[in-house]
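Visitor: Can you read through this structure? Questions will come right after.
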Amino acid sequence: DGEICKDSAFTSEKWILINESKNWDDALIYCRKHHDNLVSITSSEQQELVKEKAENATTAYVWLGLRYSCALDLWFWVDDQLACYQNWANETDTGHCNLAVAMETGGEHKWFKKDDEEKFNFICSL
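This is the structure in structure tokens:
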């Protein structure tokens, strides 16, 4: 019925920017320990609200809760949301497995595939 990816109402108060630089795994652990999870973005409305948080980061990118599974050859959100909405940057395929997604904190706030050992600020859901 087309409702699989339907969102409930969202406000920017559902997320928090963490101004600490961590790799993707450590960011995920931090969010799950202190808040809820790394942020998932499933609509253009959520993208806009998360973008507002990202603009206050001290790094050029912020981690999102989207990661690549080599075994399954797919991208998945850590909270099991369907990846209905996408905001990928135009970039060449990096061709390796240890990838997660970071949103640029300036410009068009596109999503970039980054090595999960790089260290960025990150956004947690509350």
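What the sequence shown shows, in full-length UniProt numbering, is residues 1 to 126, in sequence order.
Just so you know, even glycine gets a beta-carbon here, dropped at the ideal spot from N, CA and C.
A quick note: this is a predicted structure, and the numbers were derived from the prediction, not measured.
#1: What does a CB cutoff of less than 7 Å around residue 96 pick up in its chain, not counting 5 residues either side in sequence?
#2: Figure out for me which residue from 105, 79 and 87 has the closest Cα to the Cα of residue 60.
#3: Leaving out the 5 sequence neighbours to the left and right, which residues in its chain are closer than 7 Å to residue 14 when beta-carbon positions are compared?
#4: With distances taken between CB atoms, is the gap from residue 41 to residue 85 smaller than 8 Å?
#5: For residue 43, does the three-state DSSP call read helix, strand or coil?
Guide: With the structure as the only source:
#1: none
#2: 105
#3: 125 and 126
#4: yes
#5: coil
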